[in-house]
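*Asks:*
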């Protein structure tokens, strides 16, 4: 049953037979088999799952309205999570994904505000963005006023002597102490956590300029006579105010740009419908909230509606558009027995389906979780940047102190003033924000872009590594081929013709669960062949089946079954071998002890496999096939795809050993597979690539999942990997060059030669723009071509 938690107030009355599930709020039948007696009342439940939850903690579900879904976060679908700011929502740092906590706060490493791990579809505006916007716009007039006053005061004195300093103090104090308070708080936190960061530098720089000016205003007698100009000590209130305002502006630009990186997850969340149409046991239908759908429920999907959850078609036929999850634009025909993916669009006919996965178990929820985790993972390149940034801040503080004393001791008149201003400029312009954002922003955009193309990266390391792969090991069944046997042809032996061989075989196979039997029965029904019910049926332990049809004794199976039945296959032996060489499986039919014919069933190669293999080989990737199937069949498929190296009849441990062997030769190995038998090799490979159409074990063992399940996804992943790494390098190069060139100028190194100094205000503007430029450069990845 569904593991998802529902947020509904129970409708129970003590002492009465309540008809509402107290756990999820669903209406239930009075004769429900799931009942619980508690404190004199009988409570009924929609499922065993809800009954078990109630039994473990009845008081919880009978209390006042509360968020019942908070006890098991992993089982709550992302779209149903509590609103942003709720203490039950997990938050993380965009620059340091290892930081996780319940509820909002600031990162103890870099001081940035934490963000929800998974964004809400209908979340309100970022509270930090709202707060910074208010601080910026309310303080901006004061900043403009103090700046104009400081500039005009040199040319046209508006106030007498030291009184101007008091006016500037009054204008600047709200800007620094109120608008800039978050920056100082973060700076203090960085010292407390012994993690110097950009806020350490901003706090030191603006704090030094402001405190110096306050002392000059309150205690002017402490300063030498040479510091007095126009009857007052020179102050730098405008520098502190402008730096605060420009830093706020930079944060606003950055926060707005960062909000766009979650657009991919929000678009995925928006795919899910809000309701489902459930068919009750009596045949009646009703629309219910998606959260009320349980595994096993029968649902109707009408034309133009989205498939509510993952499931299996029970009745009907329709074309389903799966492009929103797989990237494949052509609708896929769905018939009885076919699987359905939640959130895909039913385009034509009506379908009746059985829900097989709901809540967090659906493919959409798993995709959302994988994208979120990948976006928040740390790339190897980022670890290098973090290490550099930590030492960088301490180095900058040392350079600022050296600048201050060098100007004071060896500079011109008022050298200490020059030293203070230049030291502030060094602290401000050297903020490593751009350096810290260089790789996280690229990773967030790239994973979102990949998800829209049907490629899911588990972590940032996979994005970096895919482009390095030079050897790809591929499984055959379900990876290169469809993994679903399809009827190929039938051959009869006189007096039986091909049509009669199909009719008898399909009639007998109606009782078999084997995939080959399904292929034969499905073909017969699609051809309109009238089948009869077998009078007896017996399975042959993997070698075939036996039974009585229309009074005839039939044997249907492989060569071993025929030998066991004493039936010679010599008349069709050569023809069967030729078919096997083309990659088909052969099933013989015997009637009353004599060979009646054979049926060929093939596992067709995926339409995209040949192009994908050819393009990978053109890019210098060696493609190797490793399959558990017979070597003859494997070689036939390999010839069709121009794959030179083939390993047939291999066990799971053999595939893993092949990966290890190639790695020992210095190869960067990727393994692509879809089955449980591929899991060890997927985990061992440098990059494990799972087919989204395969098993959960395979996907859990891999770093990359191809939602559609074809190898063209590997090409998309490689293309995006190259573009992402290039983008990260651009960001890092820009950040290092920016700091490398600007710090010496801010320190005044060029002043003796060119008379060039960098104002702290210009430094603050440059610092803010550099951070924003890194984010906007990362956003360019959304337009990258990944076909």
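Numbering (full-length UniProt numbering), first residue to last: 1 to 787.
Glycine residues also receive a C-beta, built at the ideal position from the N, C-alpha and C atoms.
Keep in mind the model is a prediction, meaning the values are calculated, not measured.
1. Note the first and the last residue of the continuous alpha helix (DSSP H) segment covering residue 489.
2. Quick one: Cα of residue 410 to Cα of residue 147, how far?
3. Which whole runs of the beta strand (DSSP E) in the region 544-632 are 3 residues long or more, in chain order?
4. Which whole-angstrom value describes the C-beta separation of residue 279 and residue 358, a residue pair presumed to lie in contact below a C-beta threshold of 8 Å?
5. Mind pulling the beta strand (DSSP E) runs of 3 or more residues that sit fully within the region 419-481?
6. Write down the C-beta distance between residue 342 and residue 272 rounded to the nearest angstrom, noting that I regard them as a contact closer than 8 Å.
7. Between the C-alpha atoms of residue 18 and residue 354, what's the straight-line distance to the nearest angstrom?
8. So if DSSP puts residue 319 in a beta bridge, which residue, or which two residues, is it bridged to?
9. For the 8 Å Cβ check, are there 3 or more pairs between the region 516-536 and the region 479-496?
10. If we count the other Cβ atoms within 10 Å of its Cβ and call it buried at 16 or more, is residue 404 buried or exposed?
11. Using a threshold of 7 Å, state whether the C-beta atoms of residue 143 and residue 214 are closer than that.
12. Closer than 6 Å to a non-hydrogen atom of the ligand ZN - does that hold for the CB of residue 485?
13. Cα-Cα, which of 613, 555, 601, 587 is closest to residue 594?
14. Where does residue 314 sit, in a helix, a strand or coil, going by DSSP?
15. Give the straight-line distance between the Cα atoms of residue 46 and residue 34, rounded to the nearest whole angstrom.
16. Could you give the C-beta distance for residue 688 and residue 671, rounded to a whole number, given that I count them as a contact under 8 Å?
17. Taking all protein chains shown into account, decide if residue 138 is buried (16 or more other Cβ within 10 angstroms of its Cβ) or exposed.
18. Are residue 788 and residue 135 close, meaning C-beta to C-beta below 7 Å?
19. Can you have a look at residue 535 and say buried or exposed, based on whether 16 or more other CB atoms are within 10 angstroms of its CB?
20. Near residue 519, which residues of its chain fall below 6 Å by C-beta distance, leaving aside the five closest residues on each side in sequence?
21. Would you kindly work out how many angstroms separate the C-alpha atoms of residue 481 and residue 584, rounded to a whole number?
22. Hey, could you find the ends of the alpha helix (DSSP H) residue 537 is sitting in?
23. What three-state label does DSSP hand residue 411 in the structure shown?
24. Less than 7 Å between the beta carbons of residue 723 and residue 438, yes or no?
25. From residue 149 to residue 740, what does the alpha carbon distance come to, in whole angstroms?
26. Under the three-state reduction of DSSP, which class applies to residue 302: helix, strand or coil?
27. On the DSSP letters alone, give me the boundaries of the beta strand (DSSP E) that residue 172 sits inside.
28. Would you identify the three-state DSSP class for residue 61, choosing helix, strand or coil?
29. Could you give the DSSP three-state label for residue 667: helix, strand or coil?
30. Under a three-way DSSP split, which group does residue 706 fall into?
31. Could you check where the beta strand (DSSP E) with residue 357 kicks off and where it finishes?
32. Which one of 277, 455, 338, 244 has the shortest CA to CA distance from residue 204?
33. CA-CA distance, residue 803 and residue 195?
34. Could you give the distance in angstroms between the alpha-carbon of residue 655 and the alpha-carbon of residue 725?
35. Taking the beta strand (DSSP E) that residue 499 falls in, what are its first and last residues?
36. Decide if residue 127 is buried, meaning its Cβ has at least 16 other Cβ atoms within 10 Å, or exposed.
*Replies:* Answer, in terms of the structure:
1. As a first step, residue 489 must be located in the chain shown, where it is residue number 489. Looking at the DSSP string, residue 489 is not in any alpha helix (DSSP H); the run it does join, the beta strand (DSSP E), is 486-492.
2. As a first step, residue 410 is located in the chain shown; it is residue number 410 there, counting from the start. As a first step, residue 147 is located in the chain shown; it is residue number 147 there, counting from the start. Their Cα atoms are separated by approximately 30 Å.
3. 544-549, 552-557, 584-591, 594-602, 622-626
4. Sequence index remark: in the chain shown, residue 279 carries index 279 (1-based). Sequence index remark: in the chain shown, residue 358 carries index 358 (1-based). Their Cβ separation, rounded to whole angstroms, is 16 Å, which puts residue 279 and residue 358 out of contact at 8 Å.
5. 455-457, 471-474
6. The residue given as residue 342 occupies position 342 in the chain shown. The residue given as residue 272 occupies position 272 in the chain shown. At roughly 7 Å, the Cβ-Cβ gap stays under 8 Å, so residue 342 and residue 272 are in contact.
7. To locate residue 18, count along the chain shown from 1; it is residue 18. To locate residue 354, count along the chain shown from 1; it is residue 354. With a pLDDT of only 47 at residue 18, under 50, the local geometry of the prediction cannot be trusted, and no value is derived from it.
8. Counted from its first residue, the chain shown places residue 319 at position 319. Bridge partners of residue 319: 333.
9. yes
10. Residue numbering aside, residue 404 sits at position 404 when the chain shown is read from its first letter. By the neighbour-count rule (16 or more Cβ atoms within 10 Å), residue 404 is buried.
11. Taking the first residue of the chain shown as 1, we reach residue 143 at position 143. Taking the first residue of the chain shown as 1, we reach residue 214 at position 214. Taking 7 Å as the Cβ cut-off, residue 143 and residue 214 do not qualify as a contacting pair.
12. This structure does not include the ligand ZN; it has no bound ligands of any sort.
13. Position 594 of the chain shown, counted from the start, is the residue given in the question as residue 594. Minimum Cα distance to residue 594 is reached at 555.
14. As a working mapping, residue 314 is identified with position 314 in the chain shown. DSSP places residue 314 in strand when its eight states are reduced to three.
15. Against the chain shown, residue 46 aligns to sequence position 46. Against the chain shown, residue 34 aligns to sequence position 34. The alpha-carbon atoms of residue 46 and residue 34 are separated by roughly 7 Å.
16. Here residue 688 is taken as the residue at index 688 of the chain shown, counted from 1. Here residue 671 is taken as the residue at index 671 of the chain shown, counted from 1. That belief holds up - the Cβ atoms of residue 688 and residue 671 are roughly 5 Å apart, short of 8 Å.
17. Within the chain shown, numbered from 1, the residue matching residue 138 stands at position 138. Its Cβ having fewer than 16 others within 10 Å, residue 138 is exposed.
18. Examination of residue 788 is not possible in this model, given that the chain is present from 1 through 787 alone.
19. To locate residue 535, count along the chain shown from 1; it is residue 535. So residue 535 counts as exposed.
20. For this step, residue 519 is matched to residue 519 along the chain shown. So the list reads 485, 486, 487, 601, once near-sequence residues are dropped.
21. If you number the chain shown from 1, residue 481 lands on position 481. If you number the chain shown from 1, residue 584 lands on position 584. Distance between the alpha carbons of residue 481 and residue 584 is about 12 Å.
22. As a first step, residue 537 is located in the chain shown; it is residue number 537 there, counting from the start. Note, residue 537: premise wrong, no alpha helix (DSSP H); beta strand (DSSP E) at 536-539.
23. Numbered from its first residue, the chain shown carries residue 411 at position 411. Reduced to three states, the DSSP call for residue 411 is coil.
24. In the chain shown, counting from the first residue as 1, residue 723 sits at position 723. In the chain shown, counting from the first residue as 1, residue 438 sits at position 438. No. Outside cutoff.
25. In the chain shown, counting from the first residue as 1, residue 149 sits at position 149. In the chain shown, counting from the first residue as 1, residue 740 sits at position 740. Answer to the nearest angstrom: the Cα atoms are 34 Å apart.
26. As a first step, residue 302 must be located in the chain shown, where it is residue number 302. Here residue 302 sits in coil by DSSP.
27. Translated into positions along the chain shown, residue 172 becomes position 172. Residue 172 -> not in any beta strand (DSSP E); alpha helix (DSSP H) instead, spanning 163-174.
28. Working through the chain shown from its first residue, we reach residue 61 at position 61. If DSSP states are grouped into helix, strand and coil, residue 61 belongs with the helices.
29. Working through the chain shown from its first residue, we reach residue 667 at position 667. Of the three classes helix, strand and coil, the one that applies to residue 667 here is coil, per DSSP.
30. To locate residue 706, count along the chain shown from 1; it is residue 706. Looking at residue 706 - three-state DSSP - the assignment turns out to be strand.
31. Along the chain shown, read from residue 1 onward, the residue named residue 357 stands at position 357. Looking at the DSSP string, the run of the beta strand (DSSP E) that includes residue 357 is 351-357.
32. The count along the chain shown starts at 1 and reaches residue 204 at position 204. Nearest of 277, 455, 338, 244 to residue 204, Cα basis: 244.
33. Nothing about residue 803 can be read from this structure; the chain reaches only from 1 to 787.
34. As a working mapping, residue 655 is identified with position 655 in the chain shown. As a working mapping, residue 725 is identified with position 725 in the chain shown. Going by the C-alpha atoms only, they are around 30 Å apart.
35. Start at 1 with the first residue of the chain shown, and residue 499 comes out as number 499. No beta strand (DSSP E) contains residue 499, which is instead part of the alpha helix (DSSP H) from 498-509.
36. Counting from 1 along the chain shown, the entry for residue 127 is found at position 127. The residue in question, residue 127, is exposed, as its Cβ has fewer than 16 Cβ neighbours within 10 Å.
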